[in-house]
Amino acid sequence: MSKNIRNIAIIAHVDHGKTTLVDNLFKQSGTVRENQRVEERAMDSGDLERERGITILAKCTSVMWGDTRINIVDTPGHADFGGEVERILSMVDGVVLLVDAAEGPMPQTKFVTMKALALGLKPIVVVNKVDKPDGDPDAATDAVFDLFVNLDANEYQLDFPILYASGRDGWCDDTLDGPRENLHPLFEKVLEHVPAPKVVTDGNADKPFSMLVSMLDRDNFLGRILTGRIETGRAKVGDAIHALSRDSKVIEVGRISKLLSFRGLERTPVEEAEAGDIVAIAGLQTATVADTIAVPEVKEALHSIPVDPPTLA
Ligand code: GDP
86 MSKNIRNIAI IAHVDHGKTT LVDNLFKQSG TVRENQRVEE RAMDSGDLER
136 ERGITILAKC TSVMWGDTRI NIVDTPGHAD FGGEVERILS MVDGVVLLVD
186 AAEGPMPQTK FVTMKALALG LKPIVVVNKV DKPDGDPDAA TDAVFDLFVN
236 LDANEYQLDF PILYASGRDG WCDDTLDGPR ENLHPLFEKV LEHVPAPKVV
286 TDGNADKPFS MLVSMLDRDN FLGRILTGRI ETGRAKVGDA IHALSRDSKV
336 IEVGRISKLL SFRGLERTPV EEAEAGDIVA IAGLQTATVA DTIAVPEVKE
386 ALHSIPVDPP TLA
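Following our numbering, the numbering of the sequence shown begins with 86 at its first residue and continues without gaps.
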């Protein structure tokens, strides 16, 4: 059931501890064995990916918490050209903003944060590395608040949930003097504050399959891979599909030859996937980002996502 899916993006400046935190989230959720080699880490496994000819592993991962699958999408830690940030953020219903307690939010993450706020997403703020002797979690929190004000955050967004964490030591808590036990409070905050994919609550689950392409990758074995969140209906291997440009022209027809779901560190082939889930689809040769992939009875492209270079306010 898609009610048991949460889609989030992580926003973090390089070195603020994203990889370490996600590693420990995997371990504590049982997704990864304690002794799994660090080289196999999800968010930072560039070399391993190149070796395998896989390029999209790092951008999407998922972690199970109880019976809920949390899809975690990485965001570029900087301004982008061509709307990549918007396309990525359009797949999620919440963001986790990870901030080093000693450094506070960095200018490079401002762009992505601005886009997240503009899309109405309420960040869960994780002030990380609070174990550092030179950390000043209160100052970091204030700096995040000021940044949000500067970026025109609304009241709802300024009321952001906050967690203090040491991703390295594998704990986080609501308060600085709380029990420093585990990262469970982060899972709980995600379930509490990030809604299930809207596409599902809007009753789109039973409509014909459609998906907006957010990411494009190549795989040595599978060829072109289109990743996105299923907007309506179900995707099934073998189903006839076509790709629509943003002005609803049919640009390609084909079939879903392979459907991949993100499970932990792996992309797992699945037979079927439902509205709200983030999946990767192989089978089309020319479809690209911002195109709509759908069963042929769908004639209208989904709402377009910007593809032009955005301007930083
Ligand atoms: P990323 O670039 O955001 O993925 O950051 P990494 O997870 O690779 O961490 C960057 C550096 O910060 C590494 O040297 C980590 O060991 C260190 N680090 C990560 N988390 C913590 C933490 O909670 N506390 C401290 N003191 N160091 C951390």
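Note that the Cβ used here is the ideal one computed from N, Cα and C, for glycine as well.
Just to confirm my understanding: we take Glu337, look at its own chain, exclude 5 residues before and 5 after, and list those with CB closer than 8 Å. What are they?
Excluding sequence neighbours, Glu337 sits near His327, Ala328, Leu369, Gln370, Thr371, Ala372.
Indicate whether Trp256 and Asn239 have their beta-carbon atoms separated by less than 8 Å.
No. Outside cutoff.
In angstroms, rounded to a whole number, what distance separates the CA positions of Gly252 and Asp324?
Approximately 42 Å between the Cα atoms of the pair.
Kindly confirm or deny that the segment 351–361 and the segment 374–387 touch, where touching means at least three C-beta pairs closer than 8 Å.
Output reads no: the segment 374–387 does not touch the segment 351–361.
Within 10 Å of its beta-carbon, does Ser333 have 16 or more other beta-carbons around it, so buried, or fewer, so exposed?
Its Cβ having fewer than 16 others within 10 Å, Ser333 is exposed.
On a CA-only basis, which of Ala203, Ile173, Gly179, Val184 is nearest Lys103? Give me that one, please.
For the residues Ala203, Ile173, Gly179, Val184, the minimum Cα distance to Lys103 belongs to Val184.
Quick one: measure Cβ to Cβ for Arg314 and Met176, integer angstroms, because I've assumed they're closer than 8 Å.
Confirmed, about 4 Å.
Note the first and the last residue of the continuous alpha helix (DSSP H) segment covering Ala224.
Here the alpha helix (DSSP H) through Ala224 covers 222–235.
With a threshold of 8 Å, are at least 3 pairs of Cβ atoms found where one atom belongs to the segment 240–251 and the other to the segment 207–222?
Contact between the segment 240–251 and the segment 207–222 is present, because at least three Cβ pairs lie under 8 Å.
Does the Cβ of Gly288 have 16 or more other Cβ atoms within 10 Å, making it buried, or fewer, making it exposed?
Label assigned to Gly288: exposed.
Quick check: what's the CA-CA separation for Leu272 versus Leu261?
According to the sequence shown, residue 272 is Phe rather than Leu. Cα-Cα distance, rounded: 18 Å.
Indicate whether Asp259 and Asp216 have their beta-carbon atoms separated by less than 8 Å.
It is not a contact, given that the beta carbons lie outside the stated cut-off.
CB of Arg265 to nearest heavy atom of the ligand GDP: below 7 Å?
No - the ligand GDP has no heavy atom lying nearer than 7 Å to the Cβ of Arg265.
Taking 7 Å as the cut-off, is the CB of Lys144 close to at least one heavy atom of the ligand GDP?
Result no, Cβ not under 7 Å from the ligand GDP.
Beta carbon of Gly189: closer than 7 Å to some heavy atom of the ligand GDP?
The answer is no for Gly189.
So for Pro246, helix, strand or coil by DSSP?
Three-state result, Pro246: coil.
Are the Cβ atoms of Gly179 and Leu206 separated by less than 8 Å?
Cβ distance < 8 Å, so Gly179 and Leu206 count as in contact.
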